[in-house]
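Below is one structure, written out as structure tokens; the observations come after it.
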Amino acid sequence: MWTFGRKIALGFAVSFLLLLGIGIVAYRGIDSLTRTSHLVTHTHNVLEHIAGLLSQIKDAETGQRGFVITGDEAYLEPYHSAIGSTTKLIKELRDLTADNPNQQKRIDTADSLVAAKLAELKRTIDLRRQAGLEPTIKVVGGGEGKRAMDDLRRVAEQMEHEERELLKQRAEEVEAAAGNSRSTIVFGTAFCLLFVSGAGIVLTRSLTTQIAAAVQHVQRSSTELQSAANQQATGARESSTSMNEITTTISELLATSRQIAESAQRVAGIAEQTVGAARSGDGTVQKANDSIVGIRQQVDLVVNHMLELGKKSQQIGAVLDIVSELAEQTNILAINATIEATGAGDAGKRFSVVADEIRKLADRVAGSTKEIRTLIDDVRGAVNTTVMATETGSKAVDAGSRQFDEVASSFRQIASLVATTTEAAREIELSTKQQTTAVEQGNVAIASTAQATRETEASSGQTFQTASQLAGLSKDLLRLVQPQTAA
Amino acid sequence: MGANDTTLGISQKALELRLAFDRAFAEPAQTSSAALDNFLAIRIVADPHVVRLSDISSLLPLKKVTLLPSPLPALLGITGFRGAVIPIFDLRVLLGYPASEPPRWTAIAADMPVGLAFDAFDGHLRSPREASVQPISSELTRPHVREVLRCDDVPRPVVSVFSVLETIRQGHPHNISSKE
Numbered sequence: 008m009w010t011f012g013r014k015i016a017l018g019f020a021v022s023f024l025l026l027l028g029i030g031i032v033a034y035r036g037i038d039s040l041t042r043t044s045h046l047v048t049h050t051h052n053v054l055e056h057i058a059g060l061l062s063q064i065k066d067a068e069t070g071q072r073g074f075v076i077t078g079d080e081a082y083l084e085p086y087h088s089a090i091g092s093t094t095k096l097i098k099e100l101r102d103l104t105a106d107n108p109n110q111q112k113r114i115d116t117a118d119s120l121v122a123a124k125l126a127e128l129k130r131t132i133d134l135r136r137q138a139g140l141e142p143t144i145k146v147v148g149g150g151e152g153k154r155a156m157d158d159l160r161r162v163a164e165q166m167e168h169e170e171r172e173l174l175k176q177r178a179e180e181v182e183a184a185a186g187n188s189r190s191t192i193v194f195g196t197a198f199c200l201l202f203v204s205g206a207g208i209v210l211t212r213s214l215t216t217q218i219a220a221a222v223q224h225v226q227r228s229s230t231e232l233q234s235a236a237n238q239q240a241t242g243a244r245e246s247s248t249s250m251n252e253i254t255t256t257i258s259e260l261l262a263t264s265r266q267i268a269e270s271a272q273r274v275a276g277i278a279e280q281t282v283g284a285a286r287s288g289d290g291t292v293q294k295a296n297d298s299i300v301g302i303r304q305q306v307d308l309v310v311n312h313m314l315e316l317g318k319k320s321q322q323i324g325a326v327l328d329i330v331s332e333l334a335e336q337t338n339i340l341a342i343n344a345t346i347e348a349t350g351a352g353d354a355g356k357r358f359s360v361v362a363d364e365i366r367k368l369a370d371r372v373a374g375s376t377k378e379i380r381t382l383i384d385d386v387r388g389a390v391n392t393t394v395m396a397t398e399t400g401s402k403a404v405d406a407g408s409r410q411f412d413e414v415a416s417s418f419r420q421i422a423s424l425v426a427t428t429t430e431a432a433r434e435i436e437l438s439t440k441q442q443t444t445a446v447e448q449g450n451v452a453i454a455s456t457a458q459a460t461r462e463t464e465a466s467s468g469q470t471f472q473t474a475s476q477l478a479g480l481s482k483d484l485l486r487l488v489q490p491q492t493a494a
Numbered sequence: 178m179g180a181n182d183t184t185l186g187i188s189q190k191a192l193e194l195r196l197a198f199d200r201a202f203a204e205p206a207q208t209s210s211a212a213l214d215n216f217l218a219i220r221i222v223a224d225p226h227v228v229r230l231s232d233i234s235s236l237l238p239l240k241k242v243t244l245l246p247s248p249l250p251a252l253l254g255i256t257g258f259r260g261a262v263i264p265i266f267d268l269r270v271l272l273g274y275p276a277s278e279p280p281r282w283t284a285i286a287a288d289m290p291v292g293l294a295f296d297a298f299d300g301h302l303r304s305p306r307e308a309s310v311q312p313i314s315s316e317l318t319r320p321h322v323r324e325v326l327r328c329d330d331v332p333r334p335v336v337s338v339f340s341v342l343e344t345i346r347q348g349h350p351h352n353i354s355s356k357e
């Protein structure tokens, strides 16, 4: 699709070309007229020179006749001026008709005729001075002068005739050139007017339609721009509110980050103290482990002693079995002695008493033996319990030792982990400080953004105002290009 | 503390034994023993019984019994005693008890060279004559038991060795295990 500029440029270009053509044609016509006018002037100049030459010859003849008649030298004044002028005129005529060979020939003829006439006049004048009036009249009466004059007049007429013919021909050329120029100017101007009018109508219609569409489009766009600016202003206000809230939140976050940094610093300090305590604990655990090894050895000794005690108790039990059996045997013997004493009658009564005492003693020994056995059993049970308890204690000590090893390992691990924790806490502290710096920068950026949002809100208001003005201008422009549509 | 108490108890017991032993030689001889009955306290299975000491001639642990094939369930076998071979009867079977464990003791009867085997020997009891021995009804007792001795508030049936020996003497298996 052609743009307005191209259409207008095309219209102006065609108009320019038409005007240029008309101008060229007019210029050429005027130039032709000017040249023809120069030629006409030249022809008139030639005619004036021919007439002047003939007049000079007449003046010279008039002065000759006056001198001949009167003998007065004063009448020779025209004759003398003609002698200088004729030469000059013939030379000028020769120059003026340099482009015409026919006229050059005639000028040669005229030059010889002028020379012959001036020679005849000079003879007659000399004759008058020398011979007086009468001989001179006779010579003049011979008609030589008159023939020369007639010939000269004839040549002059021929030259005039040719010049007039040239004049007529140039007048016709002028007329033709003027007619062409006139026709070109009239028709060209008319065509140019028609073209300009048509182009103006077409351009006006096209421009009106397109401008109206564009203006309506601009009007719609202005409305949309108003709506968009309104929305943008609303959004900017909401953004400004959000930015304020974000700024508050970031300030709180900043305070929290600083607290975290301080806490991380404290954690790092505490972790360093914990590392020291863990190392001290590791040493304490190592000492306790050494003590446990000593306890373990003592427990082994106790176990051995208790086992030995158990063996002794068993030996005591074996001895006690013998004692018990002896008591039983004694008892049986006493009973049997009693039986025997009873069978012996009165003689056996005293023996019976002794036997009874022996039996009682045996009973008591048996009872004591039972008690001792009970005690020995208790002792053995206690020894077994102690051995078991000691073994359990030994196992517990072993387990404790292993647990102490694990505790020592755990302490070392704790120390290592706490060292890692210290490092992590320092990294957290550093990161939190960096985060604090970043949050401060973010806060500054948010503040700048809030300022930008406020400026955006203001510019949105200006945009809305500008869009309103643009809508008004569009309406005015539409009213200008399409009043009926605008109305 | 417990060990000290135990040591004190044992020392006290030893002192009491020594005192009793010394007292036996210090006190005058008791001649009133004729008024006392002597009993041998035994245990058949788990029940306490007594046998009159006058009914037996000797008490000895039952070490080795040579088994004999016999139609009498109460006859355990024979054993040697003071150069003689005597039969050993199971008193538990004779009294109608089940015989599970081998008996550990035997009492030699005074009237007849026969050993009566039982489980345990508790000791020698002495009680005033006719004071604490009471008859019991025959329906409630086992065979060969007619009396009960109350000593230290513990009733102990009195096994009649005479009755047992009478049964053995009759020698009939049905008589010996008539109550089984």
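First to last, the protein sequences are chains F and L.
Numbering-wise (my numbering), the first sequence opens with residue 8 and increments by one.
Numbering-wise (my numbering), the second sequence opens with residue 178 and increments by one.
All residues carry an ideal CB built from backbone N, CA and C; glycine is no exception.
Give me the chain F residues within the contact set of residue i, using Cβ-Cβ distance strictly less than 9 Å, ordered along the chain.
i, result
"K190/L", "R371, G374, S375, E378 and I379"
"I187/L", "S375, E378, I379 and L382"
Given that a residue counts as buried once 16 or more other Cβ atoms are within 10 Å of its Cβ, and exposed if not, what is residue i?
i, result
"M395/F", "exposed"
"A197/F", "exposed"
"K240/L", "exposed"
"W9/F", "exposed"
"P334/L", "buried"
"K256/F", "This sequence places Thr at residue 256/F; Lys is not what is there. Exposed: under 16 other Cβ atoms inside 10 Å."
"T439/F", "buried"
"Y34/F", "exposed"
"G36/F", "buried"
"V338/L", "buried"
"Q420/F", "exposed"
"T256/L", "buried"
"I76/F", "exposed"
What residues from chain L crowd round residue i, counting only those whose CB sits closer than 8 Å?
i, result
"T345/F", "N215, L230 and H301"
Show which residues of chain F have a CB atom less than 7 Å away from the CB atom of residue i.
i, result
"F198/L", "L368"
"I219/L", "Simply none; closest approach about 11 Å."
"A201/L", "E364"
Check the Cβ of residue i against every Cβ in chain L and list those closer than 7 Å, keeping chain order.
i, result
"I339/F", "L236 and L237"
"T349/F", "N215, L230 and S231"
Within the 7 Å Cβ cut-off, does residue i reach chain F?
i, result
"L194/L", "yes"
Just the C-alpha distance for residue i and residue j, rounded to the nearest angstrom, thanks.
i, j, result
"S210/L", "I383/F", "Legend: pLDDT at S210/L = 48, less than 50; position of this residue unreliable, value from coordinates given subsequently. If I take the Cα positions, the gap works out to 38 Å."
"I277/F", "S417/F", "19 Å"
"N181/L", "I187/L", "10 Å"
"E141/F", "V53/F", "40 Å"
"V322/L", "E278/L", "22 Å"
"T211/F", "A243/F", "44 Å"
"A203/L", "V310/F", "50 Å"
"L314/F", "T393/F", "9 Å"
"A351/F", "A344/F", "10 Å"
"T473/F", "S204/F", "38 Å"
"D289/F", "G283/F", "10 Å"
"K190/L", "T349/F", "31 Å"
"D296/L", "I345/L", "20 Å"
"E324/L", "D199/L", "37 Å"
"A16/F", "I208/F", "15 Å"
"L217/L", "G317/F", "38 Å"
"I233/L", "L213/L", "17 Å"
Interface residues of chain F around residue i at Cβ under 8 Å?
i, result
"I233/L", "I346"
Hey, does residue i have any beta-carbon neighbour from chain L nearer than 7 Å?
i, result
"I342/F", "yes"
Practice task
State whether the stretch 461–468 of chain F contacts the stretch 237–253 of chain F, with contact taken as three or more CB pairs (one from each stretch) at a distance under 8 Å.
Solution key: yes
Practice task
Would you check if the stretch 368–387 of chain F and the stretch 333–351 of chain F touch, i.e. whether three or more CB-CB distances between them fall below 8 Å?
Solution key: yes
Problem - Sufficient close CB pairs (3 or more, under 8 Å) joining the stretch 125–142 of chain F to the stretch 71–83 of chain F - result: yes
Practice task
Kindly confirm or deny that the stretch 186–200 of chain F and the stretch 431–445 of chain F touch, where touching means at least three C-beta pairs closer than 8 Å.
Solution key: no
Practice task
Would you check if the stretch 144–162 of chain F and the stretch 9–27 of chain F touch, i.e. whether three or more CB-CB distances between them fall below 8 Å?
Solution key: Touching, no.
Exercise for the section: Indicate whether the contact test is met: 3 or more Cβ pairs, each with one atom in the stretch 293–302 of chain F and one in the stretch 406–413 of chain F, closer than 8 Å. Expected result: yes
Practice task
Specify whether the stretch 95–109 of chain F and the stretch 40–47 of chain F touch according to this definition: at least 3 beta carbon pairs, one from each stretch, less than 8 Å apart.
Solution key: no
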